[in-house]
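**Q**
In the numbering used here, the protein residues as written are 123 to 237.
1) Near residue 161, what residues of its chain come up, given a Cβ to Cβ distance below 7 Å and the 5 sequence neighbours on each side ignored?
2) Taking the alpha-carbon positions, what's the residue 197 to residue 150 distance?
3) Count the other CB atoms within 10 Å of the CB of residue 140; is the residue buried (16 or more) or exposed (fewer)?
4) Only counting the same chain, and skipping five residues up and downstream in sequence, which positions put a Cβ closer than 6 Å to that of residue 176?
5) Since residue 218 contacts residue 132 with CB under 8 Å, what's their CB separation in whole angstroms?
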């Protein structure tokens with residue numbers, strides 16, 4: 123299974139972007155899907171996760187601004203990002219974990235928040 127992330131780009135502070143992560147196989151193969159990000163010179167950190175049952179979890183830094191969702195029929199996970207701040211600038215990575223704890227990463231998509 124491969125994960126393909128897309129939707130990054132340049133946006134002004136206060137703007138919005140929606141990231142997509144398309145799985146080449148069945149999304150239901152993953153019990154947890156998530157988004158991580160890595161800012162320049164920093165470690166990769168968790169942004170949000172969603173279980174196969176649809177339960178989301180968010181990092182404190184994005185609560186109330188970001189929304190993660192999944193469409194199993196389209197084998198795609200989304201990250202809706204609103205009220206973006208310069209500190210949200212990072213490469214965003216899609217991640218999937220199977221019930222046997224196998225881990226899959228997408229290739230990353232760059233989000234730049236700047237005026």
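Even glycine gets a Cβ: it sits at the ideal position worked out from N, Cα and C.
**A** Looking at the atomic coordinates:
1) These residues qualify, in order along the chain: 211 and 212.
2) Pairing residue 197 with residue 150, the inter-Cα distance amounts to about 8 Å.
3) With fewer than 16 Cβ atoms within 10 Å of its Cβ, residue 140 is classed as exposed.
4) Closer than 6 Å at the Cβ level, and outside the excluded window around residue 176, lies no residue.
5) In this structure residue 218 is not in contact with residue 132, their Cβ atoms being roughly 27 Å apart against a cut-off of 8 Å.
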